[in-house]
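Novice:
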Amino acid sequence: MISKNKVIFVVGPTASGKSELALHLAKKFNGSIINIDSVQFYEGLNIGSAAPSEEEKKQAPHYLFSYVKAPVEMTAGQYIRDFYELIESGKVNSPIFVVGGTGFYIQALEKGMYDLPEVSEEIKNEILADYEIFGSEKMYAELKNFDAETELHPNDHYRVGRALEVKRAFNLKISEFKNTGADNKNKLPYPSMKIGLTYQTDDKEKFMNRVHQRTLKMLDQGIIEETKSFLTQGYESWAPLSSVGYLETKSYLQEQISREELPAAITQATMKLVKKQKTWFKRDEAILWSDVFTPQYEVIERTVQDFID
RNA sequence: GGCCAAGUAGCUCAGUCGGUAGAGCAGAUGACUGAAAAUCAUCGUGUCGGCGGUUCAAUUCCGUCCUUGGCCA
Numbered sequence: 002m003i004s005k006n007k008v009i010f011v012v013g014p015t016a017s018g019k020s021e022l023a024l025h026l027a028k029k030f031n032g033s034i035i036n037i038d039s040v041q042f043y044e045g046l047n048i049g050s051a052a053p054s055e056e057e058k059k060q061a062p063h064y065l066f067s068y069v070k071a072p073v074e075m076t077a078g079q080y081i082r083d084f085y086e087l088i089e090s091g092k093v094n095s096p097i098f099v100v101g102g103t104g105f106y107i108q109a110l111e112k113g114m115y116d117l118p119e120v121s122e123e124i125k126n127e128i129l130a131d132y133e134i135f136g137s138e139k140m141y142a143e144l145k146n147f148d149a150e151t152e153l154h155p156n157d158h159y160r161v162g163r164a165l166e167v168k169r170a171f172n173l174k175i176s177e178f179k180n181t182g183a184d185n186k187n188k189l190p191y192p193s194m195k196i197g198l199t200y201q202t203d204d205k206e207k208f209m210n211r212v213h214q215r216t217l218k219m220l221d222q223g224i225i226e227e228t229k230s231f232l233t234q235g236y237e238s239w240a241p242l243s244s245v246g247y248l249e250t251k252s253y254l255q256e257q258i259s260r261e262e263l264p265a266a267i268t269q270a271t272m273k274l275v276k277k278q279k280t281w282f283k284r285d286e287a288i289l290w291s292d293v294f295t296p297q298y299e300v301i302e303r304t305v306q307d308f309i310d
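According to our numbering, the stretch in the first sequence is residues 2 to 310, in order.
1) Between which residues of its own chain and residue 67 is the CB-CB distance below 6 Å, once the five residues before and five after are set aside?
2) What residue from 308, 282 and 215 has the CA that sits closest to residue 13's CA?
3) Could you give the C-beta distance for residue 194 and residue 9, rounded to a whole number, given that I count them as a contact under 8 Å?
4) According to DSSP, simplified to helix, strand and coil, what is residue 99?
5) Considering only residues of the same chain and omitting the five flanking positions on each side of residue 64, which have a CB-CB separation below 8 Å?
6) Per DSSP, what kind of secondary structure is residue 15 in: helix, strand or coil?
7) Using the Cβ count rule (16 or more neighbours within 10 Å means buried), how would you classify residue 72?
8) Which same chain residues end up closer than 7 Å to residue 103 when comparing Cβ atoms and leaving out the 5 residues on each side of it in sequence?
9) Can you give the Cα-Cα distance for residue 46 and residue 20, rounded to whole angstroms?
10) Should residue 96 go down as buried or exposed, given a rule of 16 or more other Cβ atoms within 10 Å for buried?
11) So, with DSSP's three-state summary, where would you put residue 135?
12) Looking only at its chain, what residues have a beta carbon closer than 7 Å to the beta carbon of residue 57, apart from the 5 residues adjacent to it on each side?
13) Could you compute how far the alpha carbon of residue 251 sits from the alpha carbon of residue 238?
14) Cβ of residue 249 within 9 Å of Cβ of residue 267?
15) For residue 80 versus residue 175, is the C-beta distance shorter than 9 Å?
16) Suppose the cutoff is 8 Å on Cβ atoms and the five residues either side in sequence are ignored; what does the same chain contact list for residue 270 look like?
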């Protein structure tokens, strides 16, 4: 039962045409699409995340899009549970095209996460409060005392905080997980391959133009209204609203930047994201790359066909 | 035309009581195991508006010119 599932990751930076390619392949091979984009999980964040339209979703089965409601915030651990629950429901057609540009989640799905339960809200809040009271130096000192092997930077509040959560909740050292291979049992249990879309360094300008056109389209489609509706509901500090496009729109709505500055600000932030995504994927030698501007659909189809057979 | 500000990194601005200058943002590179489109690390020579003067030494003081704002005519 398990072995009949085959997974094809479709990865790459934002605005590279992943969704379009995945839809093409899903139709061609009578497969399904599962989202692995960290913003497209959320209900109501469609325009700014360039989520597939309703019409596109009708053309092939789409899963794990728009299914998390504010103010819930997604985690990689929760995503993996949702993913396997979905597969085990038996309704997903193979081949499964897992589409998105969030390297962290892709890694989590492929390699698995450390096998830890959720940390309670009490402990999470306690750590946030302690940060306020004691400051980052003392918080880092607490970690370093407990786990001398930690390679975290003292300024990386988020990761230091997480390491302290694991310490206080379970008395465990994250640095130890790295060496013990504790993640192996959570690895993706299906055969998989990865195809990616990206652009050559020389084409950065060209890609930026493409991104800018997309920014203008988002503004046209109503990213401002989309953002405003979350603000009026009081979700100002909801983490996904700090993602690219929404953060800049929020700045505009809060009168920190002008309407004239908004398009360039979104494009600039998007390019920064693109760079980080490229950096993330660069070290993954298993990805079979294709060029954004000249995607060889026939070649990709043949590669997928070979993999499925 | 007169008076008053301001002119320093791609941008916004600090600063030098005279010893050739540094933050944030942007940019480049990288890290990444339950917020990840987040978070974090490393990287800073620029005629200090132009030209003169004073001085051992001027981006800093003085003069003058140019540019941009504001006020007054």
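For every residue, glycine included, the Cβ atom is placed at its ideal position computed from N, Cα and C. Given the structure is predicted, the values throughout are model-derived calculations rather than measurements.
Specialist: From the atom records:
1) 44
2) 282
3) The C-beta distance from residue 194 to residue 9 rounds to 6 Å, short enough to meet the 8 Å contact threshold.
4) strand
5) 33, 34, 35, 36, 87 and 93
6) coil
7) exposed
8) 37, 38 and 39
9) Their Cα atoms are separated by approximately 16 Å.
10) buried
11) helix
12) 24
13) 11 Å
14) yes
15) In this structure, the beta-carbon distance from residue 80 to residue 175 does not fall below 9 Å.
16) 245, 246, 248 and 249
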